[in-house]
Amino acid sequence: METLEQIRDRIATRFPGAQVSIQLNPGAAAEHSLLIDSKLGREIALFLRDDEALQFDYCSNATGVDWLDKEIVDVKKTTVPDAAGGPAKVVEEKTKRTEPGYLEAVYHLYSMALKHGPVVIRMRTGNRSDNVTLPSLTPVWRSCDFQEREIFDLYGIVFEGHPDLRRLLMWDEFKDHPMRKDYVSPDDFEYEPTPHDAVLARAKAHYPAPAPVAGVADPGPGSTSPATKPAAQPEVKP
Amino acid sequence: MSDAPSTPSPAAQPLDESRRSSPSEGGNAPTPFPAAGNISDAEREELRRNGILLTSLEELYNWGRANSIWPLQFGLACCAIEMIAAATARFDIARFGAEIFRPSPRQADLMIVSGTVTKKMAPNVVRLWNQMPEPKYCIAMGACAISGGPFKQGYNVLKGIDRFIPVDIYIPGCPPRPEALLNGLIELQKKIQTEKVAGPQAAKHLRSDVQSEFPVPTYGEHDIIPTKNPDVWSPPSLPRKA
């Protein structure tokens, strides 16, 4: 199989205006991926599928990734000469800026005909709120059908050109996207037989406060102050 | 039946005598069988050996019901595989008269909630329960059906089917073995056999003041509405240790 760089260059030659870059995976797997231009996503996918040397005829997996807004601190160093004649001081000026988040759809491609792969391609949405449209690759690979519906359901990416874009796992009336990182699940932790960690923290708000002990101030329900002993485990129902 | 003799027939005489005869038991208090009069189990056994079978309508009725429980044929997750195993030759739920899994809720009288109940599935489970005629019983099989189990932190998992329908038997396990299901079935049979046919303690299907249909939750924008049926379930009060 051609290397990822070769594939990138071939795409760049075939689609001169397209933005194609390699996203490095710094982990041990070193599964690098191709970030392709979402405007030309369908055309590039067709090219990957139909090109004689590539023939990626099988999409084994499609998934989504949510990237939150990132706060980046730019450090600007300026050298200020000391008025007293000493060594010059370096003054750091920090400016914060927010890099808007985005959603990604990731596809794993294999070639059954040439027995090679995988090649991982990604597409990015403009942001996480109102510009969440990506071209659907279901017309290119039929196997993307349910997986793109699942991404639509859980991440909220709208796939343009999908033949049947409905929610897959949640009900149609559901409005949230549970796999997004800022999703807050409904609080139904009224009763937990063995609460621990995050469940304990959420369940505590539902349990009655302990009877006030003489001489000890009542911390009140839902208190997370260190005065509350960790022995807040409720008794297990027999 | 209409022309029943007003005077007791001669055949009924030994029965009446045996009812009166209690001094033979002496000091150890006989355990009176509740519906068959003040007669001990030993006396009943003695009569049975002599060819006289004593029973009551209540006992017969409950015996028949307890030994022909027809479960509803539906499974939700991995516990259903164990339920299927319990129906196979190795474990043979037919020994307890519960082998006729009915594909229609109209013909079933036991709902084995075997597996994780997702919030998307919960309204359908409650609807199936409502479609079952009384008398009906519910077994919550496995940790998921009881409390959500290992998935209870999931956004899409109902934290126990008892939030919507009354559960008679809880079988813990993840999943419970078929033997555990059979034990739960035996416990349910015991429960059925102690039910009353009349009086204020009568079984719930014989009373008009006990509801047998339960509101089906609807799909909301963030969760099912309501998230629980307060008539059926309220969180147990768990006082925190000070």
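Note that the protein sequences, when read in sequence, are chains H and F.
Just so we're on the same page, the numbering used here is the position in the first sequence counted from 1, plus 13.
Just so we're on the same page, the numbering used here is the position in the second sequence counted from 1, plus 44.
For each residue, glycine too, the CB sits at the ideal point set by N, CA and C.
Quantities reported herein were computed from a predicted structural model and do not represent experimental measurements.
Just the Cα atoms here: how many angstroms apart are residue i and residue j?
i	j	result
ALA184/F	ALA218/H	27 Å
PRO251/H	TRP80/H	For PRO251/H, the predicted model reports a pLDDT of 43, less than 50, meaning its position is unreliable; a value from the coordinates is still stated below. Going from the Cα of PRO251/H to the Cα of TRP80/H covers about 44 Å.
TYR168/H	ARG193/H	6 Å
THR151/H	PRO176/H	8 Å
TYR214/F	LEU226/F	12 Å
ASN38/H	VAL133/H	11 Å
LEU17/H	LEU47/H	7 Å
PHE165/H	TYR196/H	15 Å
TRP277/F	PHE258/F	12 Å
ASP50/H	LYS83/H	22 Å
PRO94/H	LYS107/H	19 Å
THR91/H	GLY98/H	17 Å
GLN19/H	ARG155/H	26 Å
LEU104/F	LEU98/F	10 Å
HIS209/H	ALA224/F	27 Å
ARG179/H	TYR263/F	16 Å
SER100/F	ALA166/F	40 Å
PHE195/F	SER281/F	23 Å
VAL153/H	LYS52/H	15 Å
ASN82/F	ILE236/F	22 Å
Buried or exposed, going by whether 16 or more other CB atoms sit within 10 Å of the CB of residue i?
i	result
ALA101/H	exposed
LYS180/F	buried
GLY243/F	exposed
ARG109/F	buried
THR207/H	exposed
ASN106/F	buried
THR138/H	buried
GLN255/F	exposed
GLN68/H	buried
ARG134/F	exposed
PRO222/F	buried
LYS272/F	buried
GLY95/F	exposed
GLY30/H	exposed
ASP87/H	exposed
ALA66/H	exposed
GLY158/H	Before going on, a small fix: residue 158/H reads as Asp here, not Gly. When all chains shown are included, ASP158/H counts as buried.
ALA131/F	buried
ARG207/F	buried
VAL103/H	exposed
GLY193/F	buried
ASP201/H	buried
Quick one: residues in its chain with C-beta nearer than 6 Å to the C-beta of residue i, no 5 flanking neighbours on either side, listed in chain order?
i	result
ALA247/F	GLU239
ASN200/F	THR162, LYS163
PRO219/F	CYS122, CYS123, GLU126, GLY186
GLY228/F	ILE183, ILE213, ILE215
MET176/F	PRO149, ALA152
TYR71/H	TYR123, MET125
TYR120/H	CYS72, ALA75, ILE134
Look at the Cβ atom of residue i, then the Cβ atom of residue j, and state whether they are nearer than 8 Å.
i	j	result
MET136/H	GLY54/H	yes
PRO210/F	CYS182/F	yes
VAL212/H	GLN197/F	yes
ALA138/F	LEU154/F	no
ALA75/H	GLU161/H	yes
VAL33/H	ALA42/H	no
VAL260/F	ARG150/F	no
GLY114/H	ASN144/H	no
GLY77/H	GLU117/H	yes
MET14/H	HIS190/H	no
ASP267/F	PRO199/H	yes
LEU127/H	LEU61/H	no
LYS188/H	GLU178/F	no
GLU203/H	PRO279/F	yes
VAL241/F	GLU90/F	no
LEU202/F	GLY159/F	no
ILE35/H	ARG23/H	no
GLU11/H	ILE85/H	The structure shown does not extend to residue 11/H, since chain H is modelled only from 14 through 251, so no value can be given for it.
ILE269/F	PHE140/F	no
Excluding sequence positions up to five away, which residues of its chain have a Cβ less than 8 Å from the Cβ of residue i?
i	result
GLU173/H	THR146, LEU147, PRO148, SER149
ARG146/F	TRP114, PRO115, LEU116, GLN117, ALA152
ARG92/F	LEU98
With a CB to CB cut of under 7 Å and the five nearest residues on each side skipped, what residues in its chain are close to residue i?
i	result
VAL169/F	VAL157, VAL161, ILE205
ILE190/F	ALA184, GLY204, TYR214, PRO216
GLU205/H	VAL212, ALA216
GLU44/H	ASN38, VAL133
GLY71/F	Residue placement at GLY71/F is poorly supported in this model, since its pLDDT is 46, which falls under 50; the coordinates still yield a value, given next. Closer than 7 Å at the Cβ level, and outside the excluded window around GLY71/F, lies no residue.
ILE170/H	GLY77, LEU116, ALA118, THR138, VAL145, LEU147, ILE164
If we require 3 or more residues per run, which beta strand (DSSP E) segments fall completely within the segment 128-189 of chain H?
DSSP runs (the beta strand (DSSP E)) wholly in the segment 128-189 of chain H: 129-137, 146-148, 171-173.
Just list the beta strand (DSSP E) runs in the segment 38-69 of chain H, keeping only unbroken ones of 3 residues or longer that don't cross its boundaries, in chain order.
Correct list: 46-48.
So within the segment 171-200 of chain F, which uninterrupted beta strand (DSSP E) runs reach at least 3 residues, ignoring any that extend past its ends?
Segments of the beta strand (DSSP E) lying fully in the segment 171-200 of chain F: 181-185.
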